[in-house]
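Asker:
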Amino acid sequence: MLRFGRKLSFSWSSFPRPLKSSEGVILHDPVVKSTVLLSIKALSSRQLRNYCRRVAVEQSAADAIAPVSTKAQLNNLPPTKSKGGLQIVQEALGLSNATYPSLWSRSLLLSIDFEHLDNIRSGFTKGGNCQVGIATLDTSNLQKDLLPPPNNLIETYNYVSGSNQYIKKVIPKFIFGESLVVNSASILKMIELIIPQHQNRRIIIVSHGIQNELMALHALGYRFSANMHAVCSHRLAVETLGLQCALGKLLRWVGCPYHSLHIGGNDAHFTLKACLLLALHNNHDTEDTTSLAGYLKGVATSDVPHQSQPEVQTGRRG
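Right, here's the structure in full:
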């Protein structure tokens, strides 16, 4: 029987939250709109029960209550590409017209890009050269009274493994910080340090042709959690612009400054910016720099750092 340690009171500020019984979370993680409330009899608060039923009728159970287990169940299989990816990204960014808190609010947008996929998928039997680029945008930062400077909203990482010749060729081309040189055996650990697996929040993985990246993660042995969702920027471009193209052409089309593609961290960063601009397509508030849309446009179209010769961190030696 479900027991609560204190009297339940409902408010939007604390909603949603997971509700647990002796058998675990009593409400199923609503990944799809058809999700229904489970074990509703276990709710001891009539006020909360009636509210849930009313909102479930109006919006669907998935939007009424969106609990996420604090210990996400891990799975070896990658998530499938989400339908309605444009709406997912818009709701995560707070650009949706929805009048209620979205289940995508406070999600982590995470872009990932692998270079030399064949080496990774072969278990590095074909060669040791590879790059892993990851760019993250924490959408909870968009709900703060003081927004971070546009150049600080996206955090970008670049990991490089391979021969000395390959490393020396690649590292100067990463333009968003310092590359980290690692052994191929350490790549999975580096990814796991950045992608949180046991958080009570949703993680939206985006990539241009995301199936390749998901296959690479799977080949590395990465274990996916149930709170992860996959969105393909290539599909977003088709959905929004009717355009099927490579990343470089998409960036030119949406007006995103870029250079030095085919470097993992750069590609991940620019893919995330492309997703921002696709989410802003036909948004009439982008010219108002005081609006959220205007701020996000400034993030996506900010000047690109010049290519430099950064110092390289190494996690491989010693």
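In short: position in the sequence shown from 1, add 1468, done, that's our numbering. Idealized CB from N, CA, C, for every residue including glycine.
Is it true that the CB of Cys1700 sits closer than 8 Å to the CB of Gly1716?
Answerer: No, the pair does not count as a contact, with Cβ atoms beyond the cut-off.
Asker: Quick one: measure Cβ to Cβ for Val1649 and Met1658, integer angstroms, because I've assumed they're closer than 8 Å.
Answerer: That belief does not hold up - the Cβ atoms of Val1649 and Met1658 are roughly 11 Å apart, past 8 Å.
Asker: Rounded to the nearest angstrom, what separates Gly1591 and Ala1687 at their Cα positions?
Answerer: Distance between the alpha carbons of Gly1591 and Ala1687: 7 Å.
Asker: Out of curiosity, what's the CA-to-CA distance linking Tyr1634 and Asn1597?
Answerer: One C-alpha to the other measures close to 7 Å.
Asker: Is the beta carbon of Leu1563 sitting closer than 8 Å to the one on Asn1680?
Answerer: Cβ distance not < 8 Å, so Leu1563 and Asn1680 don't count as in contact.
Asker: Can you tell me whether Val1638 is buried or exposed, with buried defined as 16 or more other CB within 10 angstroms of its CB?
Answerer: Per the 10 Å Cβ criterion, buried.
Asker: Return the bridge partner residues of Tyr1627 from the DSSP annotation.
Answerer: DSSP, once it has assigned bridges, lists Val1600, Leu1648 as partnering Tyr1627.
Asker: With a threshold of 7 Å on Cβ separation, who are the neighbours of Asp1735 within its own chain once the five nearest residues in sequence on each side are excluded?
Answerer: These residues qualify, in order along the chain: Asp1581, Gly1601, Leu1715, Leu1729.
Asker: Taking 8 Å as the threshold (C-beta atoms), are Thr1604 and Ser1675 in contact?
Answerer: Contact flag unset, no.
Asker: Tell me the DSSP secondary structure of Leu1715 in three-state form.
Answerer: Three-state result, Leu1715: helix.
Asker: Just to check my reading of the structure: Met1696 and Pro1547 have Cβ atoms closer than 8 Å, yes? What is that Cβ distance to the nearest angstrom?
Answerer: 5 Å between Cβ atoms; contact.
Asker: Taking only three categories from DSSP, how would you classify Ser1606?
Answerer: The sequence as given places Asp at residue 1606; Ser does not occur at that position. Note: Asp1606 maps to strand in three-state DSSP.
Asker: Hey, would you say Leu1616 sits closer than 8 Å to Ser1770, going by beta carbons?
Answerer: Per the sequence shown, residue 1616 should be read as Pro rather than Leu. Not closer than 8 Å, so no.
Asker: Identify every run of the alpha helix (DSSP H) within the segment 1674 to 1712, keeping only runs that are complete inside it and at least 4 residues long; order them along the chain.
Answerer: Entirely contained in the segment 1674 to 1712, the alpha helix (DSSP H) runs reaching 4 residues are, in chain order, 1678 to 1688, 1701 to 1709.
Asker: Hey, would you say Arg1574 sits closer than 8 Å to Arg1669, going by beta carbons?
Answerer: Yes, they are a contact pair.
Asker: For Pro1773 versus Ile1643, is the C-beta distance shorter than 8 Å?
Answerer: In contact: Pro1773 and Ile1643 (Cβ atoms closer than 8 Å).
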